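Everything on this sheet refers to the single structure shown next.
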Amino acid sequence: MDIKTISDFRAAVRNGPFAWPGGYPLYWIMADGGACAFNVAKTERRSMLDAIANRDVRPRDGWLPVALVINYEDSELVCDHTGERIESAYAEDSE
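So the number in the working numbering is just where the residue sits in the sequence shown, counting from 1, plus 121.
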């Protein structure tokens, strides 16, 4: 899902951290190329909304979410904000 407006962002947050159908884990792609875990939208909501509102002034803002995408197989994807691993759909370790 592309994030172009505050409404897009709010709809994405309302839909939750998993894609439907399928229940695949989602994460944010930021304008600077970084990856953020879905839950970062809760802790950094104001920074992300401000970046969306000012996207024309600061198009490469590190807090500007440009898309919400599925992590299918990257078992080494890490959130740039928290440093924690972002869950993947198919590359999870089996126990």
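In this text, a Cβ means the ideal position worked out from N, Cα and C, and glycines have one as well. In this text the structure is predicted, and so the values were computed from the model without any measurement.
From which residue to which residue does the alpha helix (DSSP H) around residue i run?
i, result
"A172", "166 to 174"
"I207", "No alpha helix (DSSP H) holds I207; DSSP gives it neither H nor E."
Look up residue i in the DSSP assignment and give the residues it is bridged to.
i, result
"C200", "Its beta-bridge partners do not exist; DSSP assigns none."
"A212", "In the DSSP output, where bridge partners are listed per residue, A212 has none listed."
"A162", "A162 is not bridged to any residue."
Nearest CA to the CA of residue i: which residue from the options?
i, options, result
"A133", "G154, D153, G155, L170", "L170"
"F159", "R176, R179, N175, W184", "W184"
"C112", "D123, Y211, M151, N136", "Lying before the first or after the last residue shown, residue 112 is absent from the chain, which here runs from 122 to 216."
"D153", "P186, E194, I191, P142", "P186"
"E197", "W149, R206, A140", "R206"
"E208", "G137, Y145, D129", "Y145"
"H202", "I191, D129, A162, R179", "A162"
"Y193", "M122, L147, I124", "L147"
"I127", "C157, A188, G143", "A188"
May I ask which residues mark the beginning and end of the beta strand (DSSP E) holding residue i?
i, result
"I124", "It is not in any beta strand (DSSP E) - I124 carries neither H nor E in the DSSP assignment."
"L185", "Segment: none, L185 is in no beta strand (DSSP E) and carries neither H nor E."
What is the DSSP secondary structure of residue i, counted as helix, strand or coil?
i, result
"V190", "strand"
Start-end ranges of the alpha helix (DSSP H) lying completely within the region 126 to 156, minimum 4 residues: Runs of the alpha helix (DSSP H) spanning 4 or more residues and lying entirely within the region 126 to 156 occur at 127 to 136, in chain order.
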